[in-house]
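Asks: Sequential numbering from 1 applies to the sequence shown in the UniProt record's numbering. Each residue gets a CB set at the ideal place from its N, CA and C atoms; glycine is no exception.
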Amino acid sequence: MSCCSLLLRIPPKFAAFNIQPIKHIPSSSGSFDAGRRRTCFSCKSQLTDLAPATTAVYGALLLGGGLFAFNKSGSKGSLSGGLTGAALMATAYALMQAQETKAIGDALGFGSALLFSCVFGIRFAATRKLVLAGPLLVLSIAALLVCIFAYVQDSM
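(1) By the DSSP assignment, the alpha helix (DSSP H) with residue 86 in it spans what residues?
(2) So, do the region 86-95 and the region 122-141 have three or more beta carbon pairs nearer to each other than 8 Å?
(3) Can you give me the start and stop residues for the alpha helix (DSSP H) that residue 101 sits inside?
(4) So, residue 115 versus residue 92, is the Cβ gap smaller than 7 Å?
(5) Nearest-angstrom Cα distance between residue 117 and residue 56?
(6) Cutting at 6 Å between CB atoms, please list the residues of its own chain near residue 121, excluding the five before and the five after it.
(7) Starting from residue 132 and walking both ways along the alpha helix (DSSP H), at which residues does that stretch end?
(8) Buried or exposed for residue 146, going by 16 or more other Cβ atoms inside 10 Å?
(9) Any chance the region 70-77 sits against the region 93-103, with 3 or more Cβ pairs inside 8 Å?
(10) To the nearest angstrom, report how far apart residue 76 and residue 106 are at their CA atoms.
(11) Output yes or no for whether 7 Å exceeds the beta carbon distance between residue 53 and residue 150.
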């Protein structure tokens, strides 16, 4: 079975990513597969398809970070922040599952990611420690961008 025939069989769980061949490229005449044509693939995924997964992963990371900080230093603020972030992102994820409430879920995910971006940005500016606040700030901004673009795509 050739590589191209394996790539053409898309599992049903990845059908939402809409992977389609975009053009055929003739192979070089001197290679072992002379006469065959190669296909380039393009992923036409929309951010609206990636937003629920982003909120789920981001919520799990917030919960894990809050639990880690509580176990390491006994910080009740980190524990409550992690629990709050996980609850907000779980709610956004649940709202994104139905077409009627998808825009509300995108807005809630955007607001939550904006809130935690501000929290981690202030924490990074105050401590100047790149250890925890820096990566969490980058993850928060990434989740914020995904939610913004998903909301814009859903609104149009």
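Replies: From the atom records:
(1) 76-96
(2) no
(3) From DSSP, residue 101 is part of no alpha helix (DSSP H); its letter is neither H nor E.
(4) no
(5) 17 Å
(6) 137
(7) Taken as a continuous stretch (DSSP letters only), residue 132 belongs to no alpha helix (DSSP H), as it is neither H nor E.
(8) By the neighbour-count criterion, in which 16 or more other beta carbons inside 10 Å mark a residue as buried, residue 146 falls on the buried side.
(9) Judged by Cβ distances under 8 Å, the region 70-77 makes no contact with the region 93-103, as fewer than three pairs qualify.
(10) 29 Å
(11) For residue 53 and residue 150, no; Cβs fall outside 7 Å.
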